[in-house]
Amino acid sequence: MSGDHHSHGHSHASHAQHAPGFWRSYVFSVDHKVIGVQYAVTALVFLFIGYSLIMIMRWQLAYPGKEIPLLGELLSKQLYSGFQNLASGGVLLPEGYNALGAMHGTIMVFLGIVPLAVGGFGNYVMPLQIGAPDMAFPRLNMLSYWVFLPGGLIMLASFFLPGGAAQSGWTSYAPLAVINFGQTAWLVGMIFLITSSLLGSINFIVTIAHLRARGLSMYRLPFFVWAQLVTAFLLLLAFPPLEAAGILQLMDRVAGTSFFMPSGLVISGKAAEWTGGGSPLLWQHLFWFLAHPEVYVLILPAMGIVAEVIANNTRKPLWGYRSMVYAAVFLGFMSFIVWAHHMFMTGMSTKMSTFFQATTMIISIPSVIILTALVISLWGGSIRFNTPMLFATAFLPMFAIGGLTGLPLGLTTSDIHLHDTYYVIGHFHYVVAPGTIFAMFAGIYYWFPKVTGRKMSETLGKIHFWPTFICMNLIFFPMLIQGMGGLSRRTYDPQVYEAGQALAATLHKVITHSAYLMAAFQVPFIINFFRSIWAGEKVSQNPWHATTLEWAAPSPPPHGNFVGEPVVYRDPYVYSPVGRSDDYLPQFVGPEV
Amino acid sequence: MLASELLAQWMPINASRHGHQVDNLINVIHVFMAVLFVGWGIFFVYCLTRFRARPGRRANPELISAKGSKYAEIGVAVFEAVLLLGFSMPAWAAYKNDFPDKEKALQVRVVAQQFAWNFHYPGPDGVFGKTDYKYNDETSNPIGLDPSDPAGKDDVVSINNLYVEKDRPVILLLSSKDVIHCFWVPAMRVKQDVVPGMAIPIWFEPVETGEYDITCAQLCGNNHFKMAGRCHVVDRKGFEDWMKRQKLTVEPIDAEEDFRE
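Taken in order, these protein sequences are the chains called U and G. For any residue, its number in this note's numbering is found by taking its place in the first sequence, counting from 1, and adding 2. For any residue, its number in this note's numbering is found by taking its place in the second sequence, counting from 1, and adding 144.
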């Protein structure tokens, strides 16, 4: 390993001296690539767990009160006295339903997508794309993973603690969250996760600012790097308020403070023991001040990946690269002043809601610009439909549905009917599931050869893509219809209400079976993933004939990443240049070639 | 058959005076969304077929000057401004600020709790009795009516059943005993979070008699799903008959039994 080392200005001197042992290489590594893979694999496991939780919930929604097949008995086991089993007599309990719901949201957002998009792809790809030998602060990078992991394990362990896992939704609104079971572990876990994000974001910003290769000016950065940069600022500026709020809520729970507890509460017929004087809405403001920028933390890296894959597979430069960059930066700024559109129904004055619905309409414009630029990029291309490209192209209409369905939710008057219904669930899942997760799949298929030196199977990739695409729509489109019909979300037994009967009940069955079917079609992906690590087709250092810097490094890149110092000569996406026989001219190839 | 069922399911029946404004906006936005998505989708699919890789074909690196996209983006922005200024803001301002005349409207206090809706009517005197949480008793006095207040003697408390008169505006004053709930009557196109520590007024005017669901739209605990009420819209006579049938829910008690002792 030290043999590959070269005299690069930013190299880590200590690693030049000796090859690190197993623990330092693969477990407590400071190498951004190892940390990236650790993040990605952990996040994929959490995505799997998060999806499993929703599959249990979905049974109850389709067949309320019916015994859960296969798992019912296991979930009904009382492990010790005081243990909160999720089901009883094989039937999911309301508290079990609420616990699964809260943990599904928390796991998917904070333990699945963010760590995969930022910790995984950001960590692995970004330093390579800017020609850096590693992150600016490798030890901080390692620390961020090792603070993230305990946060995740605390979340999982909370299912086995007395009282069970958190049951107050991933939004944890006070006063419910303050008086409800399982919330303490959730808050402690969140404090770990937020701290980890903070450590990571500082590292990303400094790395992009200081470690770019010679010749790599800001406007020569691949769009993915821009997306990661804006994301890092969002993490840095939006997460601290929630960390503070989390600690305040923890104090309300364990130290008897009343930050979020108003006076005069009567809980289950007894006067509450809190002194009161606090505000439940304060929590919502602090929470959404984080959680709205969080939405863009979920979507920006996805747009970054899609842009890379589309440029590569249309074999032509991205259309409107600069407007995409400006749009991403503008999106970042705007994302800090739209948060209260999640709170239109809290009794907000017309002045406040006027401001927030106006900013919400404005923030849709940069998303429209990015999406339009990506679609126009297809024009005049020579489009290769390999698996990464299939997922990247599918991202576009899916994100379009997700974005469009945000409009009626962003206007107060239409939000009266749609707020807190299945329409909301359909809307944000279209953004995050067939949106972001498709982009994540595209990224996995696209960069797999860089990480392993081998390609994933195209056949299995296509068997994975098509059914997943169909199932995603069978899962989320019906939710828009259910929501329009007036079905309230977070309802353990939807058939209690008229809006949950008839068509809505049938649709719940369709959704549930599609969800199970989609799970089955992830098996080809899992097989493909593991099989390809050892038996995938061996490929060259630049199998996609791509132009950005990560393809200048060997596959897999050694410690220190590049053989010789990479130098950048041109814009990121010089594809099919006129007067050349091959259809790509990488950033790192000198003009004399 | 599915199509007609879908259309019937599109939105629940509207039984309120202002509801059509909400429905109009929702319909206009969805038409706009559909037009945008279909137009965009045609271009998208056309690109995918026309520019698919074929042997011997090379991509054109020229970036087209797409004036169309600029117009489309400006068009989207203009349309959003219209939705905002022309539809959403006026309707919302009326819904939030133009309350009906208090004298003519039916006034009801709504006290939410885990997991029920308490509807407090002022009774024939039109004055709500004082309430305080220290008088709260889950079985006999769920809203904590002060037994010493004469104004409360004729008050009526109805649990989970809200009776209102057709064509008479209703003003509800929402409060919660414990956690945040959300008062939603889909058929009336009203939805409002019920936040403990706050008293929030809302109003609507029912225009169709019938029985409609009252939904709690905010997760409020294990039995959140059971927090379902009914909104009964009846004519004037029906309302008076119902009111007569309601007996005093809070028996006057001796001062010595007061909590203050």
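For each residue, glycine too, the CB sits at the ideal point set by N, CA and C.
Could you give the first and the last residue of the continuous alpha helix (DSSP H) run that contains A260 (chain G)? Where A260 (chain G) is concerned, there is no enclosing alpha helix (DSSP H), although the beta strand (DSSP E) it sits in stretches over A260 to Y265.
Got a sec? Which residues, its chain only, sit under 6 Å from G171 (chain U) by beta carbon, not counting five neighbours each side? A104.
Considering I407 (chain G), what are the terminal residues of the alpha helix (DSSP H) in which it resides? In the structure as shown, chain G begins at 145 and stops at 405. Residue 407 (chain G) is therefore absent and cannot be evaluated.
Using a Cβ cut-off of 7 Å, which residues of the stretch 362-378 of chain U contact any Cβ in chain G, in chain order? Hits within the stretch, in order: M363, S366, I367, V370, I371, T374, V377 and I378.
Around the C-beta of R322 (chain G), are 16 or more other C-beta atoms found within 10 angstroms, so that it is buried, or is it exposed? According to the sequence shown, residue 322 (chain G) is Asp rather than Arg. Buried.
Looking at C-alpha atoms only, which residue of G:V329, G:D298, G:Y215 and G:E282 is the closest neighbour of G270 (chain G)? Among G:V329, G:D298, G:Y215 and G:E282, the Cα nearest to that of G270 (chain G) is on G:D298.
How about P579 (chain U): is its C-beta nearer than 8 Å to some C-beta of chain G? Yes - at least one Cβ of chain G is within 8 Å of the one on P579 (chain U).
Do you know how far the Cα of D585 (chain U) is from the Cα of W148 (chain U)? In this structure, the alpha-carbon of W148 (chain U) lies about 43 Å from that of D585 (chain U).
Of the choices U:Q359, U:L302 and U:E310, whose alpha-carbon is the least far from that of P410 (chain U)? Of the candidates U:Q359, U:L302 and U:E310, the one whose C-alpha sits nearest the C-alpha of P410 (chain U) is U:Q359.
Chain U partners of V334 (chain G), CB-CB under 8 Å? Within 8 Å Cβ-Cβ: I418.
Close-in-space but distant-in-sequence residues of the same chain around A361 (chain G) (CB under 7 Å, 5 per side omitted): Answer for A361 (chain G): C326, W328 and K335, listed in chain order.
Identify the continuous beta strand (DSSP E) that holds G354 (chain G) and give its terminal residues. From DSSP, the beta strand (DSSP E) with G354 (chain G) extends over G354 to C360.
Inspect the CB distances between the stretch 199-211 of chain U and the stretch 261-269 of chain U and report whether three or more fall short of 8 Å. No: fewer than three Cβ pairs fall under 8 Å.
I397 (chain G) - DSSP class collapsed to helix/strand/coil: With a pLDDT of 42 at I397 (chain G), under the threshold of 50, the modelled position of this residue cannot be trusted; read the value that follows with caution. It is coil, neither helix nor strand.
Check whether H2 (chain U) and H344 (chain U) have beta carbons under 8 Å apart: No answer is possible for residue 2 (chain U): it lies beyond the span of chain U, which begins at 3 and ends at 595.
Just to make sure I have the definition right: I need the residues of chain G whose C-beta is within less than 7 Å of the C-beta of R386 (chain U). Which are they? By Cβ distance, chain G contributes A197.
Whose C-alpha, out of U:G133, U:A554, U:S146 and U:E460, is nearest the C-alpha of V120 (chain U)? Looking at U:G133, U:A554, U:S146 and U:E460, the one whose alpha-carbon comes closest to that of V120 (chain U) is U:S146.
Rounded to a whole number of angstroms, what is the C-alpha to C-alpha distance between F403 (chain G) and Y277 (chain G)? Low per-residue confidence applies at F403 (chain G): pLDDT is 37, beneath 50, and the placement is therefore not dependable enough to give any value.
By DSSP, does E349 (chain G) sit in helix, in strand, or in coil? DSSP places E349 (chain G) in coil when its eight states are reduced to three.
Using the Cα positions of Q183 (chain G) and Y425 (chain U), report the straight-line distance between them to the nearest angstrom. Checking the displayed sequence, the identity of residue 183 (chain G) turns out to be Gly instead of Gln. When rounded, the distance between both Cα atoms is 23 Å.
Taking only beta-carbon atoms, is I303 (chain G) less than 8 Å away from chain U? Judged by the 8 Å Cβ criterion, I303 (chain G) is not in contact with chain U.
Under 6 Å Cβ to Cβ from L252 (chain U), same chain only, skipping five residues before and after it: list those, please. Contacts found: L189.
Taking the runs of the beta strand (DSSP E) that are 3 residues or longer, which of them lie wholly in the stretch 174-209 of chain U? Within the stretch 174-209 of chain U, no complete beta strand (DSSP E) run reaches 3 residues.
Can you look up S16 (chain U) in the DSSP assignment and give me helix, strand or coil? For S16 (chain U), the pLDDT reaches just 43, beneath the cut-off of 50, and the residue's location in the model is therefore unreliable, leaving the point undetermined.
Length of the line joining the Cα atoms of T423 (chain U) and G74 (chain U): Rounded to the nearest angstrom, the two C-alpha atoms are 28 Å apart.
So, is D417 (chain U) buried or exposed, given that buried needs 16 or more other C-beta atoms within 10 angstroms? The residue is buried, with at least 16 neighbouring Cβ atoms inside 10 Å.
8 Å Cβ cutoff, R255 (chain U) in contact with chain G: Judged by the 8 Å Cβ criterion, R255 (chain U) is not in contact with chain G.
Between M137 (chain U) and the ligand GTP, is there a pair consisting of the residue's CB and a ligand heavy atom that are separated by less than 7 Å? Ligands in the displayed structure: none, and consequently the ligand GTP is not present.
Quick one: is S83 (chain U) buried, meaning 16 or more other Cβ sit within 10 Å of its Cβ, or exposed? By the C-beta density criterion, S83 (chain U) is exposed, having fewer than 16 other C-beta atoms within 10 angstroms.
R492 (chain U) at chain G interface by Cβ criterion, 8 Å: With 8 Å as the cut-off, R492 (chain U) counts as an interface residue toward chain G.
With burial defined as no fewer than 16 other Cβ atoms inside 10 Å of the residue's Cβ, what is the status of H466 (chain U): buried or exposed? Buried, since its Cβ has 16 or more Cβ neighbours within 10 Å.
If the cut is a Cβ gap below 8 Å, which residues of chain U does S232 (chain G) touch? Correct list: Q359, L413, T414, T415 and S416.
Should Q251 (chain G) be flagged as near chain U, meaning a C-beta pair shorter than 8 Å? No, no contact with chain U.
If you run the structure through DSSP and keep just helix, strand and coil, what is L250 (chain G)? Three-state result, L250 (chain G): strand.
Return helix, strand or coil for D254 (chain U), following the three-state DSSP convention. DSSP places D254 (chain U) within a helical segment (H, G or I) once states are collapsed to three.
Mind pulling the alpha helix (DSSP H) runs of 4 or more residues that sit fully within the stretch 64-148 of chain U? Counting only runs of 4 or more, we get 74-77, 96-108 and 125-131.
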